[in-house]
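With the first sequence counted from 1, adding 2 to any position gets you my numbering.
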Amino acid sequence: MRGRASGGGGGAGADGPLPGRGPSGDRARHPHRRPHPLREPEGGGRRPHRQRRGRARSVRASHRRGRLRYRHHPRRHLRAGRVPGRRHRARGGGRPRRPLRPSRAAAAGGAGRAPPRHRPQHGAVDPVRCAVRHRCPRRWHGGAHGRRARPAHGGRHRRAERADRSLLPQRRAPRAVAHPVRAASRVREEPGVSPPYRYDVTRSAASLHDEFGGLAPGTQTATTVSVAGRVMLRRVQGKLAFATLQDGTGRVQLFAPAAGTPRFDDFCDLSIGDWVGVTGEVITTRRGELSVKVTDWVVLAATRRSFPDKWHGIADVDTRYRQRYVDLWASDDARSTALARSRVLALTRRWLDERGFVEVETPVFHPIPGGATARPFTTHHDALDLDLYLRIAPELYLKRLVVGGMERVYEIARVFRNEGLSTRHNPEFTMLELYQAYADYTDMMAVVEELVVHLATTLCGTTRLTYDGRPLDLEPPWPRATMVELIEQHAGVRVDLSSPVDELRRICEDRGVHVEAGWGPGKLVLELYEKTTEAQLWGPVFVCDYPQEVSPLARDHREVPGMVERFEVIAAGRELANAFSELTDPDEQRRRFEDQAALRGGGDEEAMAVDADYLRALEYGLPPTGGLGLGIDRLVMLLTGTTAIRDVILFPTLRPEQGE
RNA sequence: GCGCCUCUAGCUCAACGGCAGAGCAACGGACUCUUAAUCCGCAGGUUCUGGGUUCGAAUCCCAGGGGGCGCACCA
């Protein structure tokens, strides 16, 4: 029952600077993105408009940006005066559903594309028909003056607004195949010549910015370096070409004059997304941009598929999840969240290791699913002809290890629960479970509090986070309250496990809480808490003392009858951790299992089954033990400010792709 | 599983029931300090699919498919 927590969010973070966050590495970051403490300060962003993350951001906002940008564009008057050309399809008249493509027309022996039936000259069309602006005399351009000058008036404006709303990323309709194979790439590997097997990289983008940041414009360093990465932007200007190279740490500009760049024409033909290795001198351009002046280069891998729109990135969230390998390039958030997760895991391990906890691995295949109440996935071992379950929690195995004398153990365990998907639930997620002998649940409170604060201060630099627009201060000590107290506070009723069941049932029903026959007082109280109180908590807060009836693995409360020594941590309105003083008495554990088995027999698919071997282990003696489960996914969400669990799981569970 | 929303060029998006378009990408050309480079040009469509209404459907209706959100399930 522990560690149901899982979560999703999005951010960035690191203990210490993330790679590529040097003074110039920040350039590519966008100033309008949601501020979050985990993200690095904006100070280095010299020209932060550079690239847009394909993240959850309204298209309207990008339109705004576009307008702002081009209002000050030096050549705006040229752009504004330019009326986009109109496209005409070959069409003989009428309205063919299937327009002839040139190839088909030729194949059909036709005369090829028919001349346009009516080719309006700009300005030749009744200017009154265009309500947008005088500049555009046409009516049927669709109002698509582009994001640079979206008209903002009249009905057209209203429609545009409506359309904008429909474009919010969450509501966009994804397409299964976003980036089809290109018909032909520009730079192919030379026929018969395969890319090199290795490439000597001497600097990363971030290290270049660290080492050479702040040079005056026009500096030549006489330092030759080799960098490698993906071409993300390309600016060819006749006899001079620029490219933006991105590697795992950040971005650096490539400067390629025709004189001095081998195979200059091929360099200009590099596609966005091609991997290249480049050797050259570190310089700054006249504008002061740190660059590598190309003296040699090689294609390491040519991309055969188009990269996402360099400005919008991937707006289609489904594509981002399905094609994370593209998302990681196109979206800074995707990268930084992945890195943040990695750091959470590394820091957690280090923190636990320093405190004498031993990391272990326990089976994923369980003959008897246990340790939580959840519906498991089933599988089958052919040789043993044995039905097995993917674990829903590692708990019972970890406590076996405590019986075996491993006094402090933990596992960062992928667990699997056969449940629906949501922004907070993925069928497989990661849970930290740890067990400490000679400790009780108050010790676990100290552990979770210290660990989370440690992670927050290391990764975010503060305990004062903002999540989903609301402040969340993790500064210890976190408040503690019993479930009964919280119910009284939020539902306005004092409940008591010793009350008659009918009375508790009536209390629930009075508050619109659905109840089922057969529920005992403990289940009723828990249900009352979950439906009336939990959603109102923001936290962090320790919710203490759960009914024994719903906690089959926790030890009876030393003072309150009917309760167990168990707490959950609510942070940002979500359950983050679950812990208790472990039940050590084998006889009591057997009774609890049998109660669960009865529920199971009654049709409760999530109730626990009797695990005879676990009981046998307890019979050998489990010392007093405190146990804690903590949802890593939800913790990462919290620390990165992301609100969808799919954003913190690199490859979330998705319906299989259709087609292609 | 239920409800709501959505699907237009490779991408991001326009288009009162009346000629399906733009920007970016791609392709051809110009350009030696760009940085979402710019400029000129050329291409690019089974408007998710199938029915229906209509003189006429991307647009309205029905069904199916994909996707999103919410609920339910679920710690």
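Beta carbons are placed, not taken as given, at the ideal position from N, Cα and C, and that holds for glycine.
The structure presented is a predicted model; accordingly, all values stated were derived computationally and were not measured.
When DSSP reads this structure, PRO473 sits in a beta bridge with THR468. Judged by DSSP secondary structure, ALA243 falls outside any alpha helix (DSSP H) and instead within the beta strand (DSSP E) spanning 242-249.
One alpha carbon belongs to GLY522, the other to VAL503, and they sit about 7 Å apart. Under DSSP, the beta-bridge partners assigned to GLN255 are THR246, SER293. Rounded to the nearest angstrom, the Cβ distance from VAL294 to VAL366 is 46 Å, too far for a contact under 8 Å. Sequence-distant Cβ neighbours of HIS383 in its own chain, meaning closer than 7 Å and more than five residues away, are LEU390. With contacts defined by Cβ atoms closer than 8 Å, VAL284 and THR223 form a contacting pair. Contact holds between the region 466-477 and the region 637-650, because three or more Cβ pairs, one in each stretch, are under 8 Å apart. In terms of Cα proximity to ARG253, the closest of TYR199, ASP271, ASP320, TRP331 is TRP331. The continuous beta strand (DSSP E) containing HIS383 extends over residues 380-383.
According to the DSSP secondary-structure assignment, SER228 is paired through a beta bridge with THR281. Look at ARG402 here: in three-state DSSP terms it is helix. ASP212: member of the alpha helix (DSSP H) spanning 207-214, first to last residue. Taking a contact to require three or more Cβ pairs closer than 8 Å, the region 397-413 and the region 331-348 do not qualify as touching.
Residues of the same chain with a CB within less than 7 Å of the CB of GLU621, apart from the 5 flanking positions on each side, are PRO588 in chain order. Looking from the CA of LEU656, the closest CA among THR644, LEU578, ASN428 belongs to ASN428.
By alpha-carbon distance to PRO396, the top candidate from ASN420, HIS368, VAL319, CYS546 is HIS368.
In the DSSP assignment, ILE370 falls outside any beta strand (DSSP E), carrying neither H nor E. Proximity of the region 542-556 to the region 584-601 meets the contact definition, three or more beta-carbon pairs being nearer than 8 Å. For GLN325, no pairing in a beta bridge is given by DSSP.
Between THR432 and LEU488, the gap from beta carbon to beta carbon reaches 8 Å or more.
Residue pairing of CYS546 in beta bridges, as defined by DSSP: THR484, PHE569. Counting along the chain, SER553 sits inside no alpha helix (DSSP H), nor does DSSP assign it H or E at all. Apart from the 5 residues on each side of it in sequence, LEU617 sits with its Cβ closer than 8 Å to the Cβ of PRO588, GLN591, ARG592, PHE595 in its chain, given in chain order.
DSSP places VAL346 outside any beta strand (DSSP E); the residue lies instead in the alpha helix (DSSP H), whose first and last residues are 334-356. ASP498: not part of any alpha helix (DSSP H); DSSP gives it neither H nor E.
With a 10 Å radius around the Cβ and a threshold of 16 neighbouring Cβ atoms, SER424 comes out exposed. A straight line joining the alpha-carbon of GLU435 with that of ALA415 spans about 7 Å. Listed in chain order, the non-local C-beta contacts of LEU398 below 7 Å within the same chain comprise GLY372, GLY373, ASP613, TYR616, local neighbours out to five positions each way being set aside. Beta-bridge partners assigned by DSSP to ASN580: GLU570, GLY631.
The straight-line gap separating the alpha-carbon atoms of PRO219 and GLN255 is approximately 14 Å.
With fewer than 16 other Cβ atoms inside 10 Å of its own Cβ, PRO198 counts as exposed. With respect to VAL233, LEU247 sits close: the two C-beta atoms are nearer than 8 Å. Taking C-beta atoms as the reference points, VAL543 and ALA609 fail to come closer than 8 Å. In the DSSP assignment, TYR391 forms a beta bridge with HIS368, THR380.
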